[in-house]
Amino acid sequence: MTEPVLLSSDRDAVRVLTVNRPDKLNALNAATLDALDEAFRAADADPAVRVVVLTGAGAKAFVAGADIAEMNTLSPAEGRDFSLRGQRMMRRIETLSKPVVAMVNGFALGGGLELAMSCHLRIAADTAKIGQPEVNLGLIPGFGGSQRLLRLAGRAATLELCLTGAPVDAARALELGIVNRVVPAAELEQQAMALATQLAGSAPLALRGVLDCINYGGECGIEEGLAYEAAQFGLMFSTDDMREGTGAFLERRKPAFKGR
Ligand code: COA
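Position one of the sequence shown corresponds to residue 1061 (this note's numbering), numbered consecutively onward.
(1) Using beta-carbon positions only, say whether Val-1161 and Ala-1252 come within less than 8 Å of one another.
(2) Measuring CB to CB, does Leu-1209 end up less than 8 Å from Leu-1221?
(3) Under the criterion of a Cβ to heavy atom distance below 7 Å, does Asn-1196 qualify as lining the ligand MN?
(4) Got a sec: does the ligand COA put a non-hydrogen atom nearer than 7 Å to the Cβ of Lys-1318?
(5) Determine the DSSP secondary structure at Thr-1224, reduced to helix, strand or coil.
(6) Can you list, in chain order, the residues of its chain whose CB lies under 6 Å from that of Arg-1241, leaving out five sequence neighbours each side?
(7) Using DSSP with H/G/I as helix, E/B as strand and the rest coil, what is Ser-1069?
(8) Classify Lys-1084 as helix, strand or coil using the three-state DSSP reduction.
(9) Is Ala-1316 helix, strand or coil by DSSP?
(10) Tell me, please, which residues DSSP counts as bridged to Phe-1100.
(11) In or out: Cys-1179 buried (at least 16 other Cβ within 10 Å) or exposed?
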């Protein structure tokens, strides 16, 4: 029996998805793009899942890029479709209604960095190597890298990474704002799970409100963005969790959020 290209396991309310092509450094072929799309659709729809952690199988790579062997023979129209397929899947992750944490356990190159950037938070092993090396293949980023890296790290870093194709180490990626945290490789899983567990204990509708404000409010002008934030803020007052969170503070106890 062939191994599935994506593994899924639940640890309480945290779903861990693992891209599982370690012999190809977890390169994203079309089947893996589709498996990720379906897995994130399912995680979004499942109320028992409050947070998703995404990683790559093996010690070496998160994801070393889109599958170069598969791309080698594509026609222009197929190349465009491949790009759209990846972009759609990553946009699904970015606009998921619950937080997604990328656990970057090694190479995050090309489509791998693009995948990590579509997640809401990135925690990287100190051994990780991060870059957009597509120009070395006569290509450019095709899964949103030119757009998300620009928004995440600005023009200077984006132009440097995309034009040179040279990877940076985890410490430099942290300096550039591409990853949120860098931890010793041996502690990565424990620290990523601790972060995910913390988020899983938070108020789901408030987390969703934050994600929506960043994803939608953050892409328009300041007036519209502020109005969107105010509308989301007002919406929180319709939730049981807001009464619970503020009430628990006043009663000096720990809140128990229910996602309602
Ligand atoms: N697509 C398809 N296969 C890939 C791949 C990718 N993006 N990245 C690695 N692989 C495969 C290799 O072809 C090799 O397969 P093989 O054993 O069947 O020959 C296997 O994964 C191991 O990779 P290898 O290159 O032997 O490992 P390495 O330690 O020498 O080098 C990298 C690691 C990450 C530096 C190197 O694999 C690399 O540069 N990969 C491509 C990165 C890239 O350009 N990504 C952007 C794609 S748009």
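For each residue, glycine too, the CB sits at the ideal point set by N, CA and C. Here the structure is a predicted model, which is why all the values come from computation and not from measurement.
In brief:
(1) Numbered from 1 along the sequence shown, position 101 holds the residue referred to as residue 1161. Numbered from 1 along the sequence shown, position 192 holds the residue referred to as residue 1252. Going by C-beta atoms, Val-1161 is nearer than 8 Å to Ala-1252.
(2) The count along the sequence shown starts at 1 and reaches residue 1209 at position 149. The count along the sequence shown starts at 1 and reaches residue 1221 at position 161. Cβ distance < 8 Å, so Leu-1209 and Leu-1221 count as in contact.
(3) Of the ligands one can find in the structure shown, namely the ligand COA, none is the ligand MN.
(4) Position 258 of the sequence shown, counting from 1, holds the residue named residue 1318. Result no, Cβ not under 7 Å from the ligand COA.
(5) Residue mapping note: residue 1224 aligns to position 164 of the sequence shown, counting from 1. Note: Thr-1224 maps to helix in three-state DSSP.
(6) Within the sequence shown, the letter at position 181 stands for residue 1241. Ile-1183.
(7) Counting from 1 along the sequence shown, the entry for residue 1069 is found at position 9. The answer is strand: DSSP assigns Ser-1069 an E or B state.
(8) For the purposes of this step, residue 1084 is identified with residue 24 of the sequence shown, where counting begins at 1. In this structure, Lys-1084 counts as helix in the three-state DSSP scheme.
(9) If you number the sequence shown from 1, residue 1316 lands on position 256. DSSP places Ala-1316 in coil when its eight states are reduced to three.
(10) Residue 1100 sits at position 40 when you count from the first residue of the sequence shown. DSSP, once it has assigned bridges, lists no residue as partnering Phe-1100.
(11) As a position in the sequence shown, residue 1179 is number 119, starting the count at 1. Buried is the call here.
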